[in-house]
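**Q** Chains as they are written, first to last, in our numbering: chain A, 1 to 320; chain B, 321 to 688.
Backbone N, C-alpha and C define an ideal beta-carbon position, used for all residues, glycine too.
Bear in mind the structure is a predicted one, so any value in this text is a computation, not a measurement.
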Ligand SMILES: Nc1ncnc2c1ncn2[C@@H]1O[C@H](COP(=O)(O)OP(=O)(O)O)[C@@H](O)[C@H]1O
Ligand SMILES: [Mg+2]
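Structure follows, in structure tokens:
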């Protein structure tokens, strides 16, 4: 499959590019759901859109999937622009899992997959896809009886019946328990290992960190930062964070001038220091606080995460 | 049951539709059980009975009440009842009696001055017949009572008449009703069946999911129309069979013609169901439209009673309605035994509705 994808793309000018968005905008009346997005996803890459609810992730992905028409800008998927040719034929090459789709309740797992398989000219056998998604024991079960995790695996299996070149996943694990989430991740890993390109949205930073080669942090329809998960953390937050709470009584500016501190945020007596190394900054911090005669309540340090990236960029928490 | 081979998407989609419908108990009730219960209920309500005797009240205060009662009992289809003035008024109003015979014109209402004046002067009639002329059975009673009293008083008929009674299947109300039930059943299950399933799939984002595949959109819509055909055998067959078995309603025309008309009618209403569901995003909105479209047709299209009762200027419009066309074509085959080509205009009307609905639905259909 990967070979064929590359062969198809060989003829195109943007060899190596799976998805390209330029100044994409989509407004719903006053709501700027997507407000000028530029991004490029490479072939074989797993790309994540990370952002809170209402950030515009679904809207942007649906524009890429050709399900929603953008107001402005251009979108190319495998070099193809929606509406410029035979959209229906082009859909053979991509696969889509929508946020919160409910499949037909009264059909069984097998019947559902068989139906989806019939839409594609080429692809896997239903038996093979059932085995890959680990649905053997559920194949005669009707959809409405499935647990949330199994439903999600079925949704993923429906997307993978066709051996797609790009897989779009919109919040594939929202609401699932850790075990079901792991199960979904495994299926995604397998697709990735075979060279498939993935475009994924999530509001779980662990998911983005676990699956994605690169992530874009999105909020209010805009991309705030883009890069590899570790690189983003390093660049925007630093290596580690120190969290402490203390009663007022010291000069906040002093904190910002401590060696190794990349930034300070805080309110209501709770502070967060972004630092290159907690080991080096911590003693200096304690000394400073002591000098200011501030009463320290609590202090801790931990590695920085994508959550901190979001917090740094927006001043708000990803989850409330 | 499970076939491993992947068939044409239209076939797979149609099969999926069929399975979904069969596995929905409510749908099965409305498609299969309800029409039969309905036919039986109506059949019982409108069953043929020997003509009932018309109840005629006789003012019990009259000195000749017993004699009058005898004369009326001797008349055709009359049942005399002696009654007090108070009861007379009430029973006449509630329809328990058809007519009152009395010497007193004021037996029902106090104000009847003209008749009173005549009676006071000894110029009044032998009897007053008090009845409501807008009620057909009162009119009948009026004629029969008049005949009975005249005959009892010694009138001789100048010519002799004899009745020959004929009651034949084919002209009863149930004969009229069964083809209409078939038509209404095809309309109801076609529109609700298709319309609801689509709006439901849209609210669950399933339509959007299908739209994200290379599935041909026309296949999805056609699958609804084709899956309807499979239920047709039942929907039409059950009602016709019930009529035949319980009420001896015969199909005078050819069964093949009946099937063809049913198929065309079924396609028409599946198409209209698609159209109604093509943009609605909530079940409530779709129901509203369904009722808005179907209720007038239940009333106008000759399901329960003939549309010729409506003013003449309305008739061409009524005949252009799809249910009217279907009911008329059904009756031509079932009741009149006419060949299919006799109903060419009705068939044309049905096909036109089907084509327009399907084409417009496909154009304006909202996939999300
Ligand atoms: N069809 C729509 N009509 C109106 N507003 C919409 C529509 N779809 C999304 N929105 C709005 O656009 C914004 C982005 O939504 P969405 O793309 O679903 O965000 P996310 O997937 O990141 O949660 C939200 O404020 C949402 O309310
Ligand atoms: Mg979303």
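One question on the structure: do residue 582 of chain B and residue 615 of chain B come within less than 7 Å of each other, judged by their Cβ atoms?
**A** Here residue 582 of chain B refers to the residue found at position 262 when the second chain is read from its first residue. Here residue 615 of chain B refers to the residue found at position 295 when the second chain is read from its first residue. No; because the gap between Cβ atoms is not below 7 Å, this pair is not in contact.
**Q** Return the chain-ordered list of same chain residues with a C-beta closer than 7 Å to the C-beta of residue 337 of chain B, the five sequence neighbours on each side being excluded.
**A** As a working note, residue 337 of chain B is residue 17 in the second chain. Result list for residue 337 of chain B: 543, 544, 547, in chain order.
**Q** Do residue 305 of chain A and residue 205 of chain A come within 7 Å of each other at the CB atom, strictly closer than that value?
**A** For this step, residue 205 of chain A is matched to residue 205 along the first chain. For this step, residue 305 of chain A is matched to residue 305 along the first chain. A contact, by the Cβ cut-off of 7 Å.
**Q** Report the neighbours of residue 102 of chain A on chain B: residues whose CB is nearer than 8 Å to its CB, in chain order.
**A** By one-based count along the first chain, residue 102 of chain A stands at place 102. Simply 524, 525, 526.
**Q** Relative to chain B, which residues along the region 75 to 99 of chain A have a C-beta separation below 7 Å, given in chain order?
**A** Taking 7 Å as the Cβ-Cβ cut-off against chain B, the residues of the region 75 to 99 of chain A that qualify are 88, 89, 91, 92, 96, 98.
**Q** Looking at the C-beta of residue 147 of chain A, does it have a partner C-beta in chain B at a distance below 7 Å?
**A** By one-based count along the first chain, residue 147 of chain A stands at place 147. Closer than 7 Å: no.
**Q** Could you tell me whether the Cβ of residue 326 of chain B comes closer than 7 Å to any Cβ of chain A?
**A** To locate residue 326 of chain B, count along the second chain from 1; it is residue 6. For residue 326 of chain B, the answer is yes, since a Cβ of chain A falls inside 7 Å of its Cβ.
**Q** Which residues count as close to ligand 1 when the rule is a CB under 6 Å from any of its heavy atoms, in chain order?
**A** Every residue passing the under-6 Å Cβ criterion appears here: A/28, A/31, A/33, A/51, A/53, A/54, A/55, A/56, A/57, A/58, A/59.
**Q** Where does residue 255 of chain A fall in DSSP's three states?
**A** Locating residue 255 of chain A in the first chain gives position 255, counting from the first residue. If DSSP states are grouped into helix, strand and coil, residue 255 of chain A belongs with the helices.
**Q** Using a Cβ cut-off of 7 Å (strictly closer), state whether residue 222 of chain A contacts chain B.
**A** Taking the first residue of the first chain as position 1, residue 222 of chain A is located at position 222. Chain B contact via Cβ: absent.
**Q** Under the criterion of a Cβ to heavy atom distance below 6 Å, does residue 99 of chain A qualify as lining ligand 4?
**A** Ligand 4 is not among the ligands present in this structure, which contains only ligand 1 and ligand 2.
**Q** For chain B, check one thing: does any of its Cβ atoms lie closer than 7 Å to the Cβ of residue 28 of chain A?
**A** Taking the first chain and counting its residues from 1, the one referred to as residue 28 of chain A is at position 28. No, because no Cβ of chain B sits closer than 7 Å to the Cβ of residue 28 of chain A.
**Q** Please list, in chain order, the chain A residues whose beta carbon lies closer than 7 Å to that of residue 329 of chain B.
**A** Counting from 1 along the second chain, the entry for residue 329 of chain B is found at position 9. Simply 118, 119.
**Q** Quick one: give me the first and last residue of the beta strand (DSSP E) that residue 297 of chain A is part of.
**A** Here residue 297 of chain A refers to the residue found at position 297 of the first chain. Here the beta strand (DSSP E) through residue 297 of chain A covers 296 to 303.
**Q** Over what stretch of residues does the beta strand (DSSP E) that includes residue 57 of chain A continue unbroken?
**A** Residue mapping note: residue 57 of chain A aligns to position 57 of the first chain, counting from 1. No beta strand (DSSP E) holds residue 57 of chain A; the alpha helix (DSSP H) holding it covers 57 to 64.
**Q** For residue 769 of chain B and chain A, any beta-carbon pair shorter than 7 Å?
**A** There is simply no residue 769 of chain B to check, as chain B begins at 321 and stops at 688 in what is shown.
**Q** Could you tell me the boundaries of the beta strand (DSSP E) in which residue 68 of chain A lies?
**A** Against the first chain, residue 68 of chain A aligns to sequence position 68. No beta strand (DSSP E) contains residue 68 of chain A, which DSSP labels as neither H nor E.
**Q** Quick check: is the beta carbon of residue 550 of chain B nearer than 7 Å to any beta carbon in chain A?
**A** Against the second chain, residue 550 of chain B aligns to sequence position 230. Not an interface residue.
**Q** Given that a residue counts as buried once 16 or more other Cβ atoms are within 10 Å of its Cβ, and exposed if not, what is residue 203 of chain A?
**A** Residue mapping note: residue 203 of chain A aligns to position 203 of the first chain, counting from 1. By the neighbour-count rule (16 or more Cβ atoms within 10 Å), residue 203 of chain A is buried.
**Q** Which of the three DSSP states, helix, strand or coil, is assigned to residue 161 of chain A?
**A** Working through the first chain from its first residue, we reach residue 161 of chain A at position 161. Coil at residue 161 of chain A, not helix or strand.
**Q** Distance, Cα to Cα, residue 601 of chain B vs residue 507 of chain B?
**A** Sequence index remark: in the second chain, residue 601 of chain B carries index 281 (1-based). Sequence index remark: in the second chain, residue 507 of chain B carries index 187 (1-based). The alpha-carbon atoms of residue 601 of chain B and residue 507 of chain B are separated by roughly 22 Å.
**Q** Which residues bound the alpha helix (DSSP H) around residue 100 of chain A?
**A** As a working note, residue 100 of chain A is residue 100 in the first chain. Neither: residue 100 of chain A is in no alpha helix (DSSP H) and is coded neither H nor E.
**Q** Using three-state DSSP, classify residue 184 of chain A as helix, strand or coil.
**A** In the first chain, the residue the question calls residue 184 of chain A occupies position 184. Looking at residue 184 of chain A - three-state DSSP - the assignment turns out to be helix.
**Q** Quick check on the DSSP output: what are the complete beta strand (DSSP E) runs of length 3 or more inside the region 422 to 509 of chain B, in order along the chain?
**A** Within the region 422 to 509 of chain B, the complete beta strand (DSSP E) runs of at least 3 residues are 448 to 450.
**Q** Which runs of the alpha helix (DSSP H) fall wholly inside the region 603 to 675 of chain B and span at least 4 residues, in chain order?
**A** List check, alpha helix (DSSP H) in window: 603 to 620, 635 to 640, 642 to 654.
**Q** Looking at the secondary structure, which residues open and close the alpha helix (DSSP H) in which residue 329 of chain B lies?
**A** Start at 1 with the first residue of the second chain, and residue 329 of chain B comes out as number 9. Taken as a continuous stretch (DSSP letters only), the alpha helix (DSSP H) holding residue 329 of chain B covers 329 to 342.
**Q** Let me know the secondary structure DSSP gives residue 147 of chain A once reduced to three states.
**A** The residue you call residue 147 of chain A lines up with position 147 of the first chain. Residue 147 of chain A: coil per DSSP, three-state reduction.
**Q** For residue 144 of chain A, which residues from the same chain have a beta carbon less than 8 Å from its beta carbon, with the 5 sequence-adjacent residues on both sides left out?
**A** In the first chain, counting from the first residue as 1, residue 144 of chain A sits at position 144. 105, 106.
**Q** Tell me whether residue 572 of chain B sits in a helix, a strand or coil according to DSSP, three-state version.
**A** Against the second chain, residue 572 of chain B aligns to sequence position 252. Note: residue 572 of chain B maps to coil in three-state DSSP.
**Q** Check whether the region 179 to 195 of chain A touches the region 218 to 228 of chain A, taking contact to mean three or more Cβ pairs, one atom from each stretch, closer than 8 Å.
**A** Counting Cβ pairs under 8 Å, fewer than three are found: no touch.
**Q** Under three-state DSSP, which class holds residue 382 of chain B?
**A** Looking up residue 382 of chain B in the second chain gives position 62. Residue 382 of chain B: coil per DSSP, three-state reduction.
**Q** I'd like the span of the alpha helix (DSSP H) that includes residue 130 of chain A, first residue to last.
**A** The count along the first chain starts at 1 and reaches residue 130 of chain A at position 130. Taken as a continuous stretch (DSSP letters only), the alpha helix (DSSP H) holding residue 130 of chain A covers 126 to 132.
**Q** At least one CB of chain A closer than 7 Å to the CB of residue 533 of chain B: is that the case?
**A** Here residue 533 of chain B refers to the residue found at position 213 of the second chain. Cβ-Cβ to chain A under 7 Å: yes for residue 533 of chain B.
**Q** Along the chain, where does the alpha helix (DSSP H) containing residue 245 of chain A start, and where does it finish?
**A** Translated into positions along the first chain, residue 245 of chain A becomes position 245. Here residue 245 of chain A belongs to no alpha helix (DSSP H); instead the beta strand (DSSP E) covers 240 to 246.
**Q** Three or more C-beta pairs closer than 8 Å, one from the region 119 to 138 of chain A and one from the region 156 to 172 of chain A: is that the case here?
**A** Segments in contact, yes.
**Q** Can you give the Cα-Cα distance for residue 240 of chain A and residue 303 of chain A, rounded to whole angstroms?
**A** Counting from one through the first chain, the residue named residue 240 of chain A turns up at place 240. Counting from one through the first chain, the residue named residue 303 of chain A turns up at place 303. Going from the Cα of residue 240 of chain A to the Cα of residue 303 of chain A covers about 4 Å.
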